[in-house]
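Residue numbers (this note's numbering), protein chains in the order written: chain A, 1 to 239; chain B, 240 to 478; chain C, 479 to 707; chain D, 708 to 936. Note sheet for the following structure.
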């Protein structure tokens with residue numbers, strides 16, 4: 001109610017200032033809405049103040065280490081798996097095969113999990129549904145309630161995907177949001193948004209770009225982007 | 240999106256810390272919800288840090304003074320009027336007369352503004368509607384969208400009335416909120432909430448307490464409380 | 479707009495701090511209050527523009543500021559937007575300001591006639607009645623009519639909160655013809671019939687309520703007949 | 708709960724920061740991510756409990772924290788609430804902590820068998836498929852059926868956002884029988900038919916949309932037949 005002070009409430013830790021360590025952030029972008037008073041979130045401002053929340057989390061981690069609930073080696077394994085095994089290259093491979101192989105494409109759209117059995121992705125598989133872009137349909141994925149994302153096939157979500165800006169707006173004004181990503185859709189294209197509210201994850205099968213005629217699966221992979229599989233980029237728009 | 244830093248965005252003022260001047264607040268009340276991590280708003284914490292927003296507002300005031308858009312004398316007149324002419328004593332007088340005079344009560348409930356013409360309140364009159372508590376009905380007033388309040392008859396609203404806690408909850412769980420004020424209503428009492436979304440203001444006419452039998456209007460005034468006229472206190476509950 | 483200010487029915491704010499009872503906590507809040515009243519009596523901006531200025535704050539700023547902090551930020555916004563002050567003037571004032579509170583400032587250079595004029599505005603405001611009713615427009619609904627609230631989600635100002643949208647209610651009373659805030663907040667004056675509408679609490683919240691009814695004032699444009707022919 | 712996390716359709720957050728593209732901004736975020744995954748593979752708490760822990764934050768905390776800051780606060784909350792750690796242990800750790808990041812800490816005293824066990828949990832998690840489907844329950848609706856979303860406002864966890872409540876939609880696909888998050892978040896496992904439901908954008912937002920349709924997965928308990936007999 002009252003107050004601009006910025007502290008975490010916890011009975012035993014009560015430091016009075018903390019702002020984000022500015023130098024840990026690469027971007028500096030305020031959120032101006034065309035008026036002067038906006039609450040700027042702290043990207044890129046080196047305030048030199050301690051960040052209570054971060055140091056608090058670090059202390060918790062040291063406790064978890066002591067209790068052997070975590071181990072650095074195991075965490076490094078997790079991170080390595082997410083760096084080597086998981087990422088948009090998996091989704092790109094799936095899309096490329098669908099572009100190259102009509103039977104696979106049909107199976108992918110009907111039962112994505114069965115279609116994915118063809119691949120040897122070493123990932124904790126999620127229940128996946130793939131939705132197809134066509135000349136008359138554009139799909140995009142969101143999770144308005146938190147930030148669910150098809151990580152088993154696309155890796156970890158970009159920060160904008162997890163932002164209130166994207167989460168709040170893509171379901172109501174998708175064309176405006178897509179135009180912020182540089183995608184301008186004609187009024188003849190139906191825009192369908194998939195809000196991932198259950199444990200089922202959604203991925204977009206982009207259109208095959210016309211300039212990829214004659215390419216094989218390995219070559220096609222190079223034409224698939226993460227953003228196109230989320231649905232904030234449109235491939236093959238002129239097909 | 241990102242950030243716990245707490246700064247006002249304005250192109251030319253970019254100080255990096257400000258928290259509430261703790262000593263300006265008399266109450267210290269966190270908002271615990273039964274879990275540890277709540278964002279505490281800064282009542283009563285003397286952080287010793289400058290409060291940018293407040294000093295910014297003071298600077299604006301000095302500019303307005305310079306431009307003769309305000310004058311301290313005129314502001315003191317405003318404050319004096321709100322201290323001397325406006326306040327719950329006006330509402331209490333109205334309620335007392337309604338308790339003492341059935342004809343006045345009827346007029347008050349049918350056309351409060353006409354009824355108020357009987358009084359010589361020196362106030363900028365608002366359009367008022369008065370709603371009556373009965374043994375079977377309890378009314379309470381709120382403004383969920385901002386904090387509209389029948390100030391011409393009750394003075395300035397208490398801080399809790401302007402709080403997100405009251406604004407968010409009284410329309411959905413009024414009995415629970417009322418119990419936080421110490422009011423316990425039987426299931427035979429209908430609870431009606433008046434959300435002041437237009438320029439019409441609402442005031443509750445409380446029930447006359449049984450112990451006021453035989454008192455005249457001047458004596459009755461003493462039995463009327465501001466909270467009863469907002470509807471978070473119930474007078475005459477046993478009538 | 480669907481903003482965080484539209485908080486009817488929200489969870490998560492915790493118990494009401496019933497002891498935080500005062501209107502003001504300090505001199506700063508009184509100064510903000512006095513300044514705001516004086517500006518409003520000069521009609522620099524209207525009440526709907528002021529409300530919308532607050533709603534336009536970043537959601538964190540809105541929720542993390544006190545009532546009078548929002549007032550202070552809101553009047554600054556509108557003084558800038560109306561051109562009453564300029565960014566340059568404001569930054570110069572911030573630079574030059576010595577930290578003193580309003581009531582400590584030297585007011586002696588203020589022109590006497592101007593002071594009298596401002597004081598007279600205050601008294602005039604207290605003498606006059608509120609004026610938001612306009613020439614009557616024939617209302618589409620009568621007391622007792624069943625209505626359903628439109629499910630509009632305008633980007634601008636509105637006084638139709640989310641919690642009543644799509645809900646069925648009954649016209650409790652026709653309130654006359656009032657200025658429509660949705661347009662007044664954006665500089666246009668239009669008047670329309672206004673209604674007090676009663677909603678059963680279970681219509682608003684199904685079983686997730688312990689109340690019985692909510693009454694709210696809604697303009698005609700927010701409403702459809704409950705059973706359109 | 709009607710919390711600020713339920714932000715579909717809200718105004719006021721501004722343009723999408725399309726350039727803020729990275730998954731992580733720094734080592735701290737990676738550490739939080741790794742810790743969280745490890746705790747989850749140990750099944751100390753479930754995904755629904757985790758989501759609800761975040762929703763229970765004070766609204767300002769929720770909106771004013773980054774994604775990984777919410778993760779860090781959420782796991783702390785749940786580790787305390789599950790008794791996995793105590794308040795005393797945590798405050799002692801905070802007192803004793805020297806400021807070093809996770810990857811700088813000395814891990815050498817950790818029991819080797821335990822490390823192997825934790826690493827194996829990671830690999831096992833990557834080998835296994837997600838498992839949230841349960842024995843089939845006969846669905847009440849079929850693809851093509853018209854439904855209307857119930858207008859419930861539960862105080863606890865739900866995956867039925869406000870923007871679809873009361874809206875009429877069409878069953879796009881029956882998704883099988885899935886664990887209901889509304890109960891799982893509070894420690895009870897119940898499974899129900901889950902549906903992909905299509906809503907026309909104008910049904911959700913009247914004219915205040917530039918989209919065409921929204922698809923969302925909704926559990927059977929959120930739905931009523933559109934024309935109940």
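Built from N, CA and C at the ideal position, the CB exists for glycine as well. In this text, all values refer to a predicted model and were calculated from it rather than measured experimentally.
Exercise for the section: Put residue 88 (chain A) into one of helix, strand or coil per three-state DSSP. Expected result: helix
Exercise for the section: Leaving aside the five residues before and after residue 748 (chain D) along the sequence, list all residues of the same chain whose C-beta is less than 7 Å from its C-beta, in chain order. Expected result: 828, 829, 832
Handout entry: Assigned secondary structure, residue 897 (chain D) (DSSP; H/G/I helix, E/B strand, else coil)
Key = coil
Practice task
Could you tell me if residue 758 (chain D) is buried or exposed, where buried requires 16 or more neighbouring beta carbons within 10 angstroms of its beta carbon?
Solution key: buried
Practice task
State the Cα-Cα distance for the pair residue 87 (chain A) and residue 905 (chain D), rounded to the nearest angstrom.
Solution key: 29 Å
Handout entry: Alpha carbon of residue 140 (chain A) to alpha carbon of residue 878 (chain D), nearest angstrom
Key = Computed Cα separation, rounded: 19 Å.
Handout entry: chain A contacts made by the region 822 to 853 of chain D, where a contact means CB separation under 8 Å
Key = 822, 825, 826, 828, 829, 830, 832, 833, 834, 835, 836, 837, 839, 840
Problem - Chain-ordered neighbours of residue 491 (chain C) on chain D, where CB pairs are closer than 7 Å - result: 766
Problem - CB contact check: residue 554 (chain C) to chain B, cutoff 8 Å - result: yes
Exercise for the section: Leaving aside the five residues before and after residue 90 (chain A) along the sequence, list all residues of the same chain whose C-beta is less than 8 Å from its C-beta, in chain order. Expected result: 119, 121, 123, 152, 153, 154, 155
Handout entry: Chain-order list of residues whose beta-carbon lies under 7 Å from that of residue 410 (chain B) (same chain, five-residue window excluded)
Key = 381, 383, 432, 434
Problem - Distance, residue 932 (chain D) Cα to residue 609 (chain C) Cα - result: 48 Å
Practice task
Go to residue 440 (chain B), then tell me how far its beta strand (DSSP E) extends in each direction, as first and last residue.
Solution key: 439 to 444
Exercise for the section: Say whether chain B places a C-beta atom closer than 8 Å to the C-beta of residue 631 (chain C). Expected result: no
Problem - Reduced DSSP secondary structure (H/G/I, E/B, other) of residue 699 (chain C) - result: helix
Exercise for the section: Note down the Cα distance separating residue 809 (chain D) from residue 486 (chain C), rounded to an integer number of angstroms. Expected result: Here the alpha carbons of residue 486 (chain C) and residue 809 (chain D) stand approximately 43 Å from one another.
Handout entry: Residues that residue 878 (chain D) bridges to, as DSSP identifies them
Key = D:904
Handout entry: Neighbouring residues, chain C, relative to residue 414 (chain B) (Cβ below 8 Å)
Key = 688, 689
Exercise for the section: List the residues of chain C whose Cβ lies closer than 8 Å to the Cβ of residue 297 (chain B), in chain order. Expected result: 506, 509, 575, 577, 578, 579, 580
Exercise for the section: Return yes when at least one heavy atom of the ligand PLP lies under 7 Å from the C-beta of residue 583 (chain C), else no. Expected result: Among the ligands in the structure shown, none appear at all, so the ligand PLP cannot be discussed.
Handout entry: Closer than 8 Å at the beta carbon, the chain D residues around residue 549 (chain C)
Key = Neighbours of residue 549 (chain C) on chain D: none; closest Cβ ~19 Å, over 8 Å.
Exercise for the section: Could you confirm whether any beta carbon from chain D is found closer than 8 Å to the beta carbon of residue 159 (chain A)? Expected result: yes
Problem - Interface flag, residue 710 (chain D) vs chain C, CB-CB below 8 Å - result: yes
Problem - Residue of A:104, A:111, A:66 minimising C-alpha distance to residue 816 (chain D) - result: Nearest C-alpha to residue 816 (chain D) among A:104, A:111, A:66: A:66.
Problem - For residue 311 (chain B), the three-state DSSP class (helix, strand or coil) - result: Three-state result, residue 311 (chain B): helix.
Problem - Segment contact, 8 Å Cβ cut-off, at least three pairs: the region 401 to 416 of chain B with the region 688 to 697 of chain C - result: yes
Exercise for the section: Reducing DSSP to helix, strand and coil, say where residue 469 (chain B) ends up. Expected result: Three-state result, residue 469 (chain B): helix.
Problem - C-alpha distance - residue 622 (chain C) paired with residue 646 (chain C), whole-angstrom precision - result: 12 Å
Handout entry: Interface flag, residue 885 (chain D) vs chain A, CB-CB below 8 Å
Key = yes
Exercise for the section: Determine the closest residue to residue 438 (chain B) out of B:387, B:466, B:355, B:303, with distance taken between C-alpha atoms. Expected result: B:387
Problem - Three-state secondary structure assigned by DSSP to residue 459 (chain B) - result: helix
Handout entry: Given residue 673 (chain C) as reference, the closest of C:700, C:663, C:665, C:585 once Cα atoms are compared
Key = C:700
Exercise for the section: Enumerate in chain order the residues of its own chain whose CB-to-CB distance from residue 448 (chain B) is below 7 Å, with the five nearest sequence positions on each side excluded. Expected result: 462, 474, 475
Problem - Beta-carbon contacts of residue 98 (chain A) that lie in its chain and below 7 Å, excluding the five residues immediately before and after - result: 104, 105, 108, 205
Practice task
Please list the residues of the region 75 to 103 of chain A that have a C-beta atom closer than 9 Å to any C-beta atom in chain D, keeping them in chain order.
Solution key: From the region 75 to 103 of chain A, only 75, 76, 77, 78, 79, 81, 82, 85, 86 have a Cβ closer than 9 Å to chain D.
Practice task
Could you spell out the range, first to last residue, of the alpha helix (DSSP H) harbouring residue 830 (chain D)?
Solution key: 819 to 834
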